[in-house]
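In my numbering, the protein residues as written are 7 to 197.
Cβ atoms here follow ideal geometry from the backbone N, Cα and C, with glycine treated the same way.
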């Protein structure tokens, strides 16, 4: 029997393959973006005091996405991304020498919106995101898998023939004391 994390990977791979087939069917788009996410984790101090320790990092990612428009107002898409490098970890606002990176981040989403003016399409997005994060200190590594329901808002702006610029803010997940939120800037081409 597959572990829950393996099951999520199988489901994500199936969705990606399905979306790839949809891309070839018309009314499809593909894009790329750069993302800036805030990782925040809070936990109680081990000495059983009431003090809460805050760990955070700003993660920079590069992402690709493929989607299919089912109507002028509704689309479904899949996304896949990874870190551009390692980002420093802060503990209670003090920067450390420990580093964090996103090994992989992927998910499936639905988007719905309505054009407010010609060339401007604001939308809401909801879906599921899975991610593997890696922290390093003096060559020692720790990996963790996180996932959860994601939601956000975005804006597509037509910039040319079948090309859009994209600005989006997402709450990727908020599970087991860890919250990851952030925004992306990207471009996409319709086919």
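- Here DSSP, grouped into helix, strand and coil, assigns residue 57 to coil.
- The residue from 64, 85 and 90 with its alpha-carbon nearest to that of residue 72 is 85.
- Beyond the five residues adjoining it in sequence on each side, residue 59 comes within less than 8 Å, by CB distance, of 48, 49, 50, 51, 97 and 98 in the same chain, given in chain order.
- A straight-line Cα-Cα distance of about 43 Å links residue 34 and residue 101.
- The beta carbons of residue 192 and residue 40 sit about 7 Å from each other, so the pair counts as a contact at 8 Å.
- In the DSSP assignment, residue 84 falls within the beta strand (DSSP E) that extends over 80 to 89.
- Here the stretch 66 to 80 makes contact with the stretch 115 to 133; the two share three or more CB pairs at distances below 8 Å.
- For residue 124, there is no enclosing beta strand (DSSP E), as DSSP marks it with neither H nor E.
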